[in-house]
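To start, the structure under review is shown below, and the notes come after it.
There are 2 protein chains.
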Amino acid sequence: MISQRARYAFKALIVLARAGSAGMQIRDIAEKEQIPRKFLEQILLSLKAGGLITSRRGREGGYALLKNAESISLGSVLRMIDGPIAPLPCLSRTAYRKCDDCPSEELCAVRAGFAEAYEASLRVLEATTIAQAMKATEGKPQARRVPKTSASLA
Amino acid sequence: MISQRARYAFKALIVLARAGSAGMQIRDIAEKEQIPRKFLEQILLSLKAGGLITSRRGREGGYALLKNAESISLGSVLRMIDGPIAPLPCLSRTAYRKCDDCPSEELCAVRAGFAEAYEASLRVLEATTIAQAMKATEGKPQARRVPKTSASLA
DNA sequence: CGCAATCTCTACTAACTCGATAGGGTATTG
DNA sequence: CAATACCCTATCGAGTTAGTAGAGATTGCG
Chain A
4 MISQRARYAF
14 KALIVLARAG
24 SAGMQIRDIA
34 EKEQIPRKFL
44 EQILLSLKAG
54 GLITSRRGRE
64 GGYALLKNAE
74 SISLGSVLRM
84 IDGPIAPLPC
94 LSRTAYRKCD
104 DCPSEELCAV
114 RAGFAEAYEA
124 SLRVLEATTI
134 AQAMKATEGK
144 PQARRVPKTS
154 ASLA
Chain B
4 MISQRARYAF
14 KALIVLARAG
24 SAGMQIRDIA
34 EKEQIPRKFL
44 EQILLSLKAG
54 GLITSRRGRE
64 GGYALLKNAE
74 SISLGSVLRM
84 IDGPIAPLPC
94 LSRTAYRKCD
104 DCPSEELCAV
114 RAGFAEAYEA
124 SLRVLEATTI
134 AQAMKATEGK
144 PQARRVPKTS
154 ASLA
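What follows is the structure in structure tokens.
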């Protein structure tokens with residue numbers, strides 16, 4: 004199970020993707036997606052630190068997507084928010100760590116068993132983008148708002 | 004990341020698989036795999052409740068595999084020990100639950116995005132067995148002990 | 001039988017994580 | 001210069017995780 008944080012992160016990213024370069028403010032995202040405002044703040048900060056979104060302070064501030072939706076994979080967001088995706092530390096590429104008790108990785112049957120499963124799921128997670136996720140639910144999209152003509156954030 | 008419990012469970016199952024119908028006692032499994040004995044007890048109990056292993060009490064007691072290693076999938080063990088595998092409650096087949104805040108599952112882009120990734124990883128997890136995991140590390144197997152001629156547990 | 005060995009069950013605990021809240025700090029704009 | 005919106009850090013309650021503890025049930029052996 005992915006964390007609530009991660010779920011909020013995806014929702015926020017999708018809303019921001021729909022908002023386009025005009026961007027949105029925390030309050031509006033929070034309201035639209037029913038996310039506690041201050042909690043969302045932290046999440047957006049993480050996404051910003053990860054280089055996915057940008058922000059502007061002050062009265063007309065807000066957030067906007069920095070990368071386009073087609074190039075944001077589920078895996079990258081998940082890793083950014085929830086940490087390593089690998090089932091075992093010794094299988095992670097981005098956060099490798101030897102298992103405390105494991106004397107030999109080559110002989111570890113647990114590791115061998117999970118290696119393949121991990122590879123398969125990672126491949127899909129890296130290949131699937133939030134743009135695809137959005138497209139898959141476009142039959143009956145939720146109320147779409149016309150982008151206001153205001154200074155672009157991107 | 005899978006839990007420590009789950010890792011111990013896999014190690015215990017693999018050791019039991021090697022021990023064959025003769026079975027093994029908690030103490031020996033714990034010692035061989037460097038697992039806290041009382042902690043391992045609880046884990047073996049769960050595996051027994053899940054129908055994977057059997058046990059006998061008393062002086063010549065111990066545990067033994069009930070199903071053969073070829074028919075124990077990584078997924079089944081994982082689900083038994085760590086709970087649902089699905090990334091979202093609304094995607095789980097064995098523990099379905101509506102997401103609290105989600106108004107419509109058909110329109111949920113997060114759900115749509117993860118559906119495919121989940122399917123792929125689940126397929127592999129269900130298809131991979133502990134027998135395969137063992138086989139993959141058979142080049143240099145750890146010290147194999149000749150099964151003692153004692154009453155079979157299976 | 002009686003004792004010892006082994007599994008069974010339940011309770012408990014320290015440390016950590018998760019979701020959420022709070023509040024003051026900093027930049028930007030009217 | 002004050003209102004507004006993002007920035008940063010601390011804190012908290014609830015729940016989970018890893019591990020410990022101990023009393024009880026069952027079996028084998030002398």
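These protein sequence lines are chains A and B, in that order.
Basically this note's numbering = 1-based index in the first sequence + 3.
Basically this note's numbering = 1-based index in the second sequence + 3.
For glycine and all other residues, C-beta sits at the position ideal for the given N, C-alpha and C.
- From Val113(B), Leu128(B), Leu50(B), pick the residue whose C-alpha is nearest to that of Val80(A); which is it? For the purposes of this step, residue 80(A) is taken as residue 77 along the first sequence, with counting starting at 1. Of the candidates Val113(B), Leu128(B), Leu50(B), the one whose C-alpha sits nearest the C-alpha of Val80(A) is Val113(B).
- Query: In whole angstroms, what separates the C-alpha of Thr140(B) from that of Lys51(B)?
  - Reply: Your numbering for residue 140(B) matches position 137 in the second sequence. Your numbering for residue 51(B) matches position 48 in the second sequence. Near 26 angstroms, if we compare the C-alpha coordinates of Lys51(B) and Thr140(B).
- Find the nearest neighbour of Leu48(B) within the set Glu122(B), Leu128(B), Arg126(B), Leu68(B), judged by alpha-carbon distance. Start at 1 with the first residue of the second sequence, and residue 48(B) comes out as number 45. Comparing Cα positions, the closest option is Leu68(B).
- Query: Nearest-angstrom Cα distance between Lys14(A) and Gly64(A)?
  - Reply: Here residue 14(A) is taken as the residue at index 11 of the first sequence, counted from 1. Here residue 64(A) is taken as the residue at index 61 of the first sequence, counted from 1. Approximately 20 angstroms between the Cα atoms of the pair.
- Query: Whose Cβ in chain B lies nearer than 7 angstroms to the Cβ of Asp104(A)?
  - Reply: Taking the first residue of the first sequence as position 1, residue 104(A) is located at position 101. Within 7 angstroms Cβ-Cβ: Gln37.
- Message: Using a 10 Å radius around the Cβ and a threshold of 16 neighbouring Cβ atoms, would you call Arg30(B) buried or exposed?
- Response: Numbered from 1 along the second sequence, position 27 holds the residue referred to as residue 30(B). By the 10 Å Cβ count, Arg30(B) comes out exposed.
- Item | Which of helix, strand or coil DSSP assigns to Arg59(A) | On the first sequence, residue 59(A) is found 56 positions in, with the first residue counted as 1. Of the three classes helix, strand and coil, the one that applies to Arg59(A) here is strand, per DSSP.
- Task: Tell me Met27(A)'s beta-bridge partners as DSSP assigns them.
- Result: Position 24 of the first sequence, counting from 1, holds the residue named residue 27(A). Note: Met27(A) sits in a beta bridge opposite Tyr66(A).
- Under three-state DSSP, which class holds Lys138(B)? For the purposes of this step, residue 138(B) is identified with residue 135 of the second sequence, where counting begins at 1. Helix at Lys138(B).
- Message: I want to verify the contact list: residues of chain A whose CB lies under 8 angstroms from the CB of Cys111(B), in sequence order.
- Response: If you number the second sequence from 1, residue 111(B) lands on position 108. The answer, in chain order, is Thr140.
- Message: DSSP three-state label for Ser74(B), please.
- Response: On the second sequence, residue 74(B) is found 71 positions in, with the first residue counted as 1. It is helical.
- Taking only beta-carbon positions, decide if Phe42(A) is within less than 9 angstroms of chain B. Translated into the one-based positions of the first sequence, residue 42(A) becomes position 39. With 9 angstroms as the cut-off, Phe42(A) does not count as an interface residue toward chain B.
- Message: Is the separation between the beta-carbon of Ile56(A) and that of Leu91(A) shorter than 9 angstroms?
- Response: Residue mapping note: residue 56(A) aligns to position 53 of the first sequence, counting from 1. Residue mapping note: residue 91(A) aligns to position 88 of the first sequence, counting from 1. A distance of 9 angstroms or more separates the beta carbons of Ile56(A) and Leu91(A).
- Item | Anticipated Cβ contact below 8 angstroms, Ile75(A) with Leu128(A), distance rounded | For this step, residue 75(A) is matched to residue 72 along the first sequence. For this step, residue 128(A) is matched to residue 125 along the first sequence. That belief does not hold up - the Cβ atoms of Ile75(A) and Leu128(A) are roughly 12 angstroms apart, past 8 angstroms.
- Message: Any beta carbon from chain B within less than 9 angstroms of Ile5(A)'s own beta carbon?
- Response: Sequence index remark: in the first sequence, residue 5(A) carries index 2 (1-based). Closer than 9 angstroms: yes.
- Task: To the nearest angstrom, report how far apart Lys151(A) and Thr97(A) are at their CA atoms.
- Result: To locate residue 151(A), count along the first sequence from 1; it is residue 148. To locate residue 97(A), count along the first sequence from 1; it is residue 94. At Lys151(A), the pLDDT of 42 sits below 50, so the modelled position is not reliable and the matter cannot be decided from this model.
- Using the Cα positions of Gln7(A) and Arg62(B), report the straight-line distance between them to the nearest angstrom. Looking up residue 7(A) in the first sequence gives position 4. Looking up residue 62(B) in the second sequence gives position 59. In a straight line, the C-alpha of Gln7(A) is about 49 angstroms away from that of Arg62(B).
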